[in-house]
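Structure record follows, encoded as structure tokens.
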Amino acid sequence: MHKTFRNFNGKTYMLDELSYFGLDKSDAEKRKAMIKKSGLGVRCIKKANGKYVIYRYTILLLLGNVANLL
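So the sequence shown is residues 2 to 71, counted in the working numbering.
As structure tokens, then:
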């Protein structure tokens, strides 16, 4: 499985591994709440097939971007 990245409002988010093939709405909301509770930024997107995927913003992505600038 490859990592998928998307930009939202200038921030880079990584596709959550557990939602790679899509989740039901209730499962997506539970996963979103769990990630948000851990202090990470999260986005939930509805796909054309009716499934939901989760994108999460992590500090590791931020550190990687800073390392590239140095």
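Each residue gets a CB set at the ideal place from its N, CA and C atoms; glycine is no exception.
Keep in mind the model is a prediction, meaning the values are calculated, not measured.
Quick one: measure Cβ to Cβ for residue i and residue j, integer angstroms, because I've assumed they're closer than 8 Å.
| i | j | result |
| --- | --- | --- |
| G42 | K12 | 7 Å |
| L24 | Y56 | Going by Cβ atoms, the distance from L24 to Y56 rounds to 12 Å, so no, they are not a contact pair. |
| M15 | F9 | About 11 Å separates the two Cβ atoms, so there is no contact after all. |
Does DSSP put residue i in a helix, in a strand, or in coil?
| i | result |
| --- | --- |
| K12 | strand |
| L24 | strand |
| K47 | strand |
Among the options, whose alpha-carbon lies nearest the alpha-carbon of residue i?
| i | options | result |
| --- | --- | --- |
| D17 | K26, N10, R32 | R32 |
| Y58 | C45, L24, K52 | C45 |
| G51 | N8, A34, F22, N10 | F22 |
By a C-beta neighbour count over all protein chains shown, 10 Å radius and 16 as the cutoff for buried, is residue i buried or exposed?
| i | result |
| --- | --- |
| A29 | buried |
| S27 | exposed |
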